[in-house]
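Data first, discussion second: the structure below is written as structure tokens.
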Amino acid sequence: MKRENMNWYQFQEIICEHFRGLGAEAQTNVTVAGVRTNHDVDILVKTKFLGQDITWVVEAKYWNSKVNKSHVLALRAIVDDVGADKGFIVSKLGFQSGALEAAQSSNVLLKTFDELKAETKDMVEAEIIKMYKKRLHLLEDRYWSHSKETRINYRLRDDVHDFSMNFSGQLILAAARHAIMAAEDFNYPIIIQSHQKEQQGNPVASNFQQLQNWLNLNLNYFEEKITEAEWSMYQNGDYNPDFVRTPEDETTISSMLAQAMYSAGKDG
């Protein structure tokens, strides 16, 4: 549908569909209970990142004038009363200077629809990247909890004198972290190469969806491999992990390797 032929209802619906396309639950014309009163909102968006529920309230303003300060203040009050994480006003023609000032240093964002599409996509991708980083951190702790000898014996890495390059957990972790660094810089296409035979999927990611596919294939493969190895260790009486939980803000071995790889690639 052409934007110039759209009405308010249709504008509201395409905004709602945008959020659904990002994997969120979105509804139009919702009454939301607040602490002080109920509120009628144009669009209510709910989603979950890293186990945390997130709620956004969205107002669609398909007007032939710019949104003013009073509407921003009204949405700020609604967001506060219902306990939403963010509020959005999506305007056809933009915002008056007073509205922009009222939104500063608040959790209400003022966007045109094109801006909303671009920025919420980036926000969702950033949250997904956080999930992958947490997953990598847990997997790395699990990998290093086993001794070098155990990792070699149960094929979680090659022996130092084995140049077959079949599999190395450390190299998979570093390749994944390297790819995430490139994605955070929007540095596509990303060449994802762990230099081993058991790497899964296409080593070139031209967009975020292709990166997700590579990460899912390879991390699932690694997790399955280490689970099977640990089960064999248990059966053979070799399961003696020295498990230490690394703080999420602490630099790991694979992240140092990934940073060196990424820096070398940029310098080259």
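Residue numbers (UniProt numbering): 1 to 268.
Virtual Cβ for every residue (Gly too), placed ideally from N, Cα, C.
Query                                                                                                                                                             : Result
Using beta-carbon positions only, say whether residue 112 and residue 85 come within less than 7 Å of one another.                                                : no
For residue 135, tell me which candidate among 22, 29, 222 and 35 has the shortest Cα-Cα distance.                                                                : 222
Can you tell me which residues form a DSSP beta bridge with residue 95?                                                                                           : 67
Could you pull out every residue in the same chain whose Cβ sits closer than 8 Å to the Cβ of residue 170, ignoring the five residues on either side in sequence? : 143, 157, 253, 254 and 257
Could you give the distance in angstroms between the alpha-carbon of residue 165 and the alpha-carbon of residue 103?                                             : 55 Å
Which residues does DSSP list as the beta-bridge partners of residue 88?                                                                                          : 58 and 109
Over what stretch of residues does the beta strand (DSSP E) that includes residue 25 continue unbroken?                                                           : 25-33
May I ask you to list the residues that DSSP assigns as paired with residue 270?                                                                                  : Nothing can be reported for residue 270, as the shown portion of the chain is limited to 1 through 268.
If the criterion is Cβ atoms closer than 7 Å, does the pair residue 60 and residue 80 meet it?                                                                    : no
Below 8 Å on the Cβ atoms is my contact criterion, and I expect residue 106 with residue 151 to pass it. Report the Cβ-Cβ distance as a whole number of Å.        : That pair is no contact at about 50 Å.
Look at the Cβ atom of residue 239, then the Cβ atom of residue 181, and state whether they are nearer than 7 Å.                                                  : no
I think residue 231 touches residue 179, with their Cβ atoms under 8 Å apart; what is that distance to the nearest whole Å?                                       : Actually they are not in contact, since the Cβ atoms of residue 231 and residue 179 sit about 29 Å apart, beyond 8 Å.
Out of 117, 97, 98 and 65, which one is the CA nearest neighbour of residue 88?                                                                                   : 117
Assign residue 114 to one of three DSSP states: helix, strand, or coil.                                                                                           : helix
In three-state terms, what does DSSP make of residue 22?                                                                                                          : coil
By a C-beta neighbour count over all protein chains shown, 10 Å radius and 16 as the cutoff for buried, is residue 206 buried or exposed?                         : exposed
Specify the secondary structure class of residue 124 as computed by DSSP and reduced to three states.                                                             : helix
Using CA coordinates, which residue listed in 83, 229, 121 and 228 is at the minimum distance from residue 33?                                                    : 83
Once DSSP output is grouped into helix, strand and coil, what is the label at residue 2?                                                                          : Note that residue 2 scores a pLDDT of 48, beneath 50, so its modelled location is shaky; the value from the coordinates is reported in the next line. Here residue 2 sits in coil by DSSP.
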